[in-house]
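Plus 127 on top of the position in the sequence shown (first one is 1) and you've got this note's numbering.
Just so you know, even glycine gets a beta-carbon here, dropped at the ideal spot from N, CA and C.
All values reported here derive from a predicted model rather than from experimental measurement.
One structure below.
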Amino acid sequence: MTMTKHLCKYLTILGLALLSGVPAASAQDKNEFNPIQTGVTSLSIAPDARGASMGDLGAATDPDCNSQFWNPSKYAFAYSRGGFSLSYTPWLRKLVNDIFLANLSGYWKIGSNDNQALSASLRYFSLGEVTTSEVSGQAAQSLNPYEMSFDIGYSRKLSEKFSMGVVFRYIYSDLGFSDSYAGDNTTGASAFSADIAGYFTTYPIIGRNECQWSWGWNISNIGTKVSYNNGEDPAFLPTNLRIGTTFMFPLADYHTLALSLDANKLLVPAKPRESDYADDTEGQQAYLDALEDWENMSPITGIFKSFSDAPGGFKEELREINLSFGAEYAYNNQFFVRAGYFYENEFKGNRKYFSLGAGFSLNVVRLDASYMLATAQTSPLDQTLRFTLTFDMDGLKELFGRKR
128 MTMTKHLCKY LTILGLALLS GVPAASAQDK NEFNPIQTGV TSLSIAPDAR
178 GASMGDLGAA TDPDCNSQFW NPSKYAFAYS RGGFSLSYTP WLRKLVNDIF
228 LANLSGYWKI GSNDNQALSA SLRYFSLGEV TTSEVSGQAA QSLNPYEMSF
278 DIGYSRKLSE KFSMGVVFRY IYSDLGFSDS YAGDNTTGAS AFSADIAGYF
328 TTYPIIGRNE CQWSWGWNIS NIGTKVSYNN GEDPAFLPTN LRIGTTFMFP
378 LADYHTLALS LDANKLLVPA KPRESDYADD TEGQQAYLDA LEDWENMSPI
428 TGIFKSFSDA PGGFKEELRE INLSFGAEYA YNNQFFVRAG YFYENEFKGN
478 RKYFSLGAGF SLNVVRLDAS YMLATAQTSP LDQTLRFTLT FDMDGLKELF
528 GRKR
């Protein structure tokens, strides 16, 4: 195996670990610990501070500039004609200080009926600096592997209460390098994917108060596989089904409270484990056949297979569902306080954490921040910070119009 393959394998394992929590300790738990493995895991990281501060949710919350990640169909119901935001997340800061996620996203309403929107986002995930070494132990190259994606979306109201949206995405994962001495010219891995989403919102009257109840869903990253090591290590994209609801009600004049719930499931088949097969010649051959079938499985087949492939049956399928609970208090749509909780089964990654956040908005700009508190202090995700700066196009137009 060349140095390139060693590096790619190391970085792929690192990428798979980026979203993991703390594995269970007992031997029995280790035998059941079987998280879903995908490529380009950075696509699953929440990019913005608002969604992250509510336990990583956003399928049915009010639309904002970062709806491209959570549910692009919400843009059709956006209050402003347009906006854009920049988010920054130092990642795994308890372990290293040079891994980060940067995200730029925005939208623009089109048409005269205020029922359509175009949107786009650009993600850049840096894995920091990695130094390779020769067999002798001497440093060989200093590398800066990264993953990035660019997407564009379109959303439209199909009625006064319901909208749908689609997104088309290009993905590039550069985890390797070229070893000229070994004659190995490694290029990055590319993939294409699409999202389809829906959003329904209504305004029921409860008592004397008008409330808002919304539902949303998003199937994201439906696309091709990403192939590392010149096609030798194919991996599924993190295709994900997100379903959520939000209920917002007034507390008093200018005071509102929104309660939200999201459920997520990766639509990716579980990779076969050697430990699930008999320790004999027939068992090993059955494992190799299952592994080959998994590697050659098409992404669309994998989506349907993901609902029935768990070795533990329906019980294990339920384990693959992650839950997010969140709340957002708003005063006059200018000051926000948020909190949330994220739950993942201990056998599927064991990410469990609380999140807190706040935001302050003016006519032109809004600043949001979030802070993550993992339930296990040994979790590398503990104390994760996120910052988002959002600019409102209507506010900018009004500001510049006054100056003139």
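Query	Result
Could you check if Q461 is buried or exposed, using at least 16 other CB atoms within 10 Å of its CB as the buried criterion?	exposed
For A173, name the three-state secondary structure that DSSP assigns.	coil
What does a CB cutoff of less than 6 Å around Y456 pick up in its chain, not counting 5 residues either side in sequence?	L384 and V464
What's the gap between the Cα of I163 and the Cα of D436?	11 Å
Only counting the same chain, and skipping five residues up and downstream in sequence, which positions put a Cβ closer than 6 Å to that of S341?	A187, T328 and T373
Measure the beta-carbon distance from Q339 to Y330 and round it to whole angstroms, keeping in mind my assumption that it falls under 8 Å.	6 Å
Quick one: Cα of G506 to Cα of S286, how far?	It is worth fixing the name first, because residue 506 is Ser in this sequence and not Gly. When rounded, the distance between both Cα atoms is 45 Å.
From Y404 to Y414, what distance separates their C-alpha atoms?	6 Å
Mind the definition here: the region 176 to 187 touches the region 495 to 512 only if three or more C-beta pairs lie below 8 Å; say whether that holds.	yes
Going by DSSP, name the residue or residues bridged to R493.	S488 and T517
For the region 433 to 479, which segments carrying the beta strand (DSSP E) assignment without a break, of at least 3 residues, lie completely within its bounds, in sequence order?	448 to 458 and 462 to 470
Give me, in chain order, the residues of the same chain whose beta-carbon lies closer than 6 Å to that of S307; leave out the 5 immediate sequence neighbours on both sides.	Interpretation of S307 is limited by its pLDDT of 45, a score under 50 that renders its predicted location unreliable; the figure taken from the coordinates is listed afterwards. Cβ within range, chain order: n/a, list empty.
Does the beta-carbon of S239 have 16 or more other beta-carbons within 10 angstroms, so that it is buried, or is it exposed?	exposed
Helix, strand or coil, according to DSSP, for D189 in the structure here?	coil
Nearest to N161 by alpha carbon, out of K221, L228, G315 and E473?	E473
Nearest to Y251 by CA position, among L245, A229 and L270, is which residue?	A229
For F434, which residues from the same chain have a beta carbon less than 7 Å from its beta carbon, with the 5 sequence-adjacent residues on both sides left out?	E444
Please name the residue, chosen from N336, L364, G476 and D360, that lies closest to G429 on a Cα-to-Cα basis.	L364
Is the beta carbon of Y234 closer than 8 Å to that of Y202?	yes
Helix or strand or just coil, what does DSSP make of F277?	strand
The beta strand (DSSP E) spanning S212 covers which residue range?	G209 to P217
Decide if the region 201 to 219 is in contact with the region 506 to 525; the criterion is three or more beta carbon pairs, one per stretch, under 8 Å apart.	yes
From what residue to what residue does the beta strand (DSSP E) around F376 run?	N367 to A379
Keeping to the same chain, check which residues put their C-beta closer than 6 Å to that of S214; ignore five residues upstream and five downstream.	P174, D175, N230 and T515
Am I right that S248 and D278 are in contact with their C-beta atoms under 8 Å? What's the rounded C-beta distance?	6 Å
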